[in-house]
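Trainee: Under the numbering used here, think of the first position of the sequence shown as 271, with each following residue one higher. Have a look at the structure that comes next, please.
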Amino acid sequence: MSKLSYEDKINIYRERKEGISVKSLSRKYHIRENIIDYMVSLIDKHGIDILRTSKNKEHPKYEKEEAINRVLINGEAVWAVAIDMGLLSYGMLQNWIKKYKENGYNIIERKRGRPTMPKVRKNRQQKKK
């Protein structure tokens, strides 16, 4: 899948609303049909400004827990919960659920960045000997 620019996303939405089929849009922009369906539904629910969010938005632990519980306990569809919460991809919610099950039904916040090694300092007196 290729990354879509903001303008491409707006064009896909407008063309879809004009009646162009999802299949032809999929071929034109080289993306899967379900991504187009999801994006159009997301924009219908939250408006075009939902696309302006920053790339690496962090979701708090309680928000993740709420979404996971809606899917696992209430039996709601992943797609519907992701659209309702305004997630840019329903795959994010699927990953949260997968990690939740892997970690023994505990929500663990993902650490960002590279792990650092503690610096080991040698005692200067030992070097002089």
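Don't be surprised by glycine CBs; every beta carbon is placed ideally from N, CA and C. Please read these numbers as outputs of a predicted model, since none were measured by experiment.
#1: If you drop the 5 nearest sequence neighbours on each side, which residues of the same chain put their C-beta closer than 7 Å to that of valine 406?
#2: Would you kindly work out how many angstroms separate the C-alpha atoms of glycine 374 and isoleucine 367, rounded to a whole number?
#3: Between which residues of its own chain and methionine 271 is the CB-CB distance below 6 Å, once the five residues before and five after are set aside?
#4: Please report the residue range of the alpha helix (DSSP H) in which isoleucine 305 lies.
#5: Extract the residue ranges of the alpha helix (DSSP H) inside the region 326-393, only unbroken runs of 4 or more that lie entirely within it.
#6: Report, in whole angstroms, the separation of the C-beta atoms of lysine 215 and isoleucine 353, which I expect to be a contact under 8 Å.
Mentor: Quick answer:
#1: Shown here, the chain extends from 271 to 399; a query on residue 406 therefore has no answer.
#2: Taking the first residue of the sequence shown as position 1, residue 374 is located at position 104. Taking the first residue of the sequence shown as position 1, residue 367 is located at position 97. As the crow flies, the alpha-carbon of glycine 374 is around 11 Å from that of isoleucine 367.
#3: Against the sequence shown, residue 271 aligns to sequence position 1. For methionine 271, the predicted model reports a pLDDT of 39, less than 50, meaning its position is unreliable and no value from the coordinates is stated.
#4: Translated into the one-based positions of the sequence shown, residue 305 becomes position 35. From DSSP, the alpha helix (DSSP H) with isoleucine 305 extends over 303-316.
#5: Qualifying alpha helix (DSSP H) stretches, in chain order: 331-342, 348-355, 360-372.
#6: Because the chain here runs from 271 to 399, residue 215 falls outside it and cannot be looked at.
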